[in-house]
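My numbering applies: residue 5 is where the sequence shown begins, and numbers increase by one.
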Amino acid sequence: MEIQDLNQEIRNKYLNRMEPKTAQELAASWSGEDLLYSGKGNAIFIILPTPGCAHALSNSGGCTMCSYIADSPLKTVSAAEMVELFKISLNKFDIKPQTVVKIFVSGSFLNEDEIPGEARDEIIKLLDKEKNVEEVVVESRPEYVTEDILKACCTLIPDKIFEVSIGLESSNDYIKEYKINKGFSNADFEKAIDVIKKLKKDYNITSKSYIFVKPILTSEKEAIEDAVASAKYAQRVGVDRISFCPATIHKGTLMEFLWRRGSYQPPWIWSILEIVKIVRSSVKIPIIMDTSGFGSRRGPYNCKKCNKKLKNMIINSNLNQSIPEEFECECKAQWKADVEYSNLSRSTMNLTRNI
Ligand code: SF4
Ligand SMILES: [Zn+2]
5 MEIQDLNQEI RNKYLNRMEP KTAQELAASW SGEDLLYSGK GNAIFIILPT PGCAHALSNS
65 GGCTMCSYIA DSPLKTVSAA EMVELFKISL NKFDIKPQTV VKIFVSGSFL NEDEIPGEAR
125 DEIIKLLDKE KNVEEVVVES RPEYVTEDIL KACCTLIPDK IFEVSIGLES SNDYIKEYKI
185 NKGFSNADFE KAIDVIKKLK KDYNITSKSY IFVKPILTSE KEAIEDAVAS AKYAQRVGVD
245 RISFCPATIH KGTLMEFLWR RGSYQPPWIW SILEIVKIVR SSVKIPIIMD TSGFGSRRGP
305 YNCKKCNKKL KNMIINSNLN QSIPEEFECE CKAQWKADVE YSNLSRSTMN LTRNI
C-alpha cells in the first residue's frame, strides 16, 4: 500500500470517529515570552476555530504528522462568530508593550474558504487599533499567498509587521511528498516567498518558515541533516525567520500509526540541541526552536535526568539567539550511537498491516 493511501485511510477513520467540539469549546488563547524583531517581548497566541485545513480535508488526507483538524468543529463557522470568538480571546489580555499576536487557525488564514474575507479584515482591523501590538503573525499554505490578498491585509495594518508563516517542513521535495504528504514543492514555496518579497517595498510584511524535525521514515542522522539543510535553504530564498517544530505524536495520524508499531520515534532532545548549535552559527536570520511536548511520552525525549535542563537551555537560546553551552549526561552516548548507527530499519514498516 502506498504511503499516501494509508495516510488517507487513517485520516478518514479518524474523521469518522471524531466527535467535533463546538467553535466556542475549541477557541483558546494563552500568552508568554517571545522574541520579536525588536527584541525580547511578549506573545499572545490565539486559536481561532475554522471549518478545518483544506489540505487535511482533501482526498490527500493531509500531512502525515498533523492532527490540527481535531481543533476544528468541521462545519461552517460564520464570519460574525469568528470575529466574536477572536474578540473574546484578545480581550482576556492586558496587552503589554512590545507584543506579537500569533493567530493559529489550524490551516490557512489566507484561504477565504477557511476564514471568510470579512472576518479576516475585521480581525486585522481590531489588531491595528492595539497600540502595544508590534507584530501580527498568521499561517498559510503557499497556494493562498497572493498579491491581492496580502495587499488587502497589509493596507489594514500599515504600522505593524504582518508576517506570513508557511509550513515548508523540509527543503527536500522527496521528503515533502513521500514522508510528509505536504502537497506542494519548493517551487510553490519560492513563488509565495517571492510575492512577499515583492510587497516589502510598499508594506511592512515579512515571512517565516516552519521546519519540521524528523518526519516519518527518517533516521536520527537524516533528521538533523535535513533540518539544517532546510534552514539554509529558507535563508537562501529570502525567508525572514525560521521556526523549527520537532515532532510530537498527534492522534489519528500516520505518524501515530507507525509509532504504535515501534516504527517511529520522535527525535532525541540531543538532536534538537545539535540542530540549534549548527544553525545558530551557520544561518544568520532569527531562529526559534519550539519546545512544546519536550520530555513527554509523545514528544522529543532524552532521559528523566536531563530533559528539563536541555529544554530550558533551548528556551534561553531562543530568547537570546545564543549558542547553548556544552552539557553532558549519561544518555548522550546512546544518542551518539543512534545517530551513528541508526538506519531506516527502525523506521521501516509493513504497510499491508491492518489499521
Ligand atoms: S500541517 Fe498545515 S497544511 Fe498540513 S494538514 Fe496540518 S494544518 Fe494542514
Ligand atoms: Zn540524559
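Beta carbons: idealized from backbone N, C-alpha and C, even for Gly.
Just so you know, these numbers come straight off a predicted model, no measurement behind them.
Among the options, nearest to residue i - alpha-carbon criterion
| i | options | result |
| --- | --- | --- |
| residue 143 | 124, 155 and 171 | 171 |
| residue 57 | 315, 6 and 148 | 148 |
| residue 288 | 74, 96, 245 and 319 | 245 |
| residue 88 | 54, 154 and 311 | 54 |
| residue 263 | 220, 234 and 197 | 220 |
| residue 75 | 83, 26, 93 and 122 | 26 |
| residue 345 | 223, 260, 276 and 283 | 223 |
| residue 61 | 51, 117 and 168 | 117 |
| residue 230 | 162, 151, 108 and 282 | 282 |
| residue 259 | 68, 24, 316 and 191 | 68 |
Three-state class that DSSP yields for residue i in the structure shown
| i | result |
| --- | --- |
| residue 253 | coil |
| residue 330 | coil |
| residue 121 | helix |
| residue 315 | helix |
| residue 78 | coil |
| residue 148 | helix |
| residue 30 | helix |
| residue 68 | coil |
| residue 18 | helix |
| residue 243 | coil |
| residue 345 | helix |
Buried or exposed by the 16-neighbour rule on C-beta atoms within 10 Å, applied to residue i
| i | result |
| --- | --- |
| residue 237 | buried |
| residue 7 | buried |
| residue 239 | buried |
| residue 331 | exposed |
| residue 63 | exposed |
| residue 235 | buried |
| residue 303 | buried |
| residue 1 | The structure shown does not extend to residue 1, since the chain spans only 5 to 359, so no value can be given for it. |
| residue 327 | exposed |
| residue 146 | buried |
| residue 265 | exposed |
| residue 301 | exposed |
| residue 34 | exposed |
Identified DSSP bridge partners for residue i
| i | result |
| --- | --- |
| residue 47 | 36 and 104 |
| residue 234 | Answer by DSSP bridge pairing: none, since residue 234 is not bridged. |
| residue 142 | 168 |
Closer than 7 Å: residue i CB and nearest ligand 4 heavy atom
| i | result |
| --- | --- |
| residue 150 | Because ligand 4 does not appear in the structure shown, any question about it cannot be addressed here, the ligands present being ligand 1 and ligand 2. |
Under 6 Å from any heavy atom of ligand 1, by CB: list those residues in chain order, please. 57, 59, 60, 66, 67, 70, 72, 110, 111, 145 and 171
Strictly closer than 6 Å from CB to any heavy atom of ligand 2: give me those residues in the order they appear in the chain. 306, 307, 309, 310, 333 and 335
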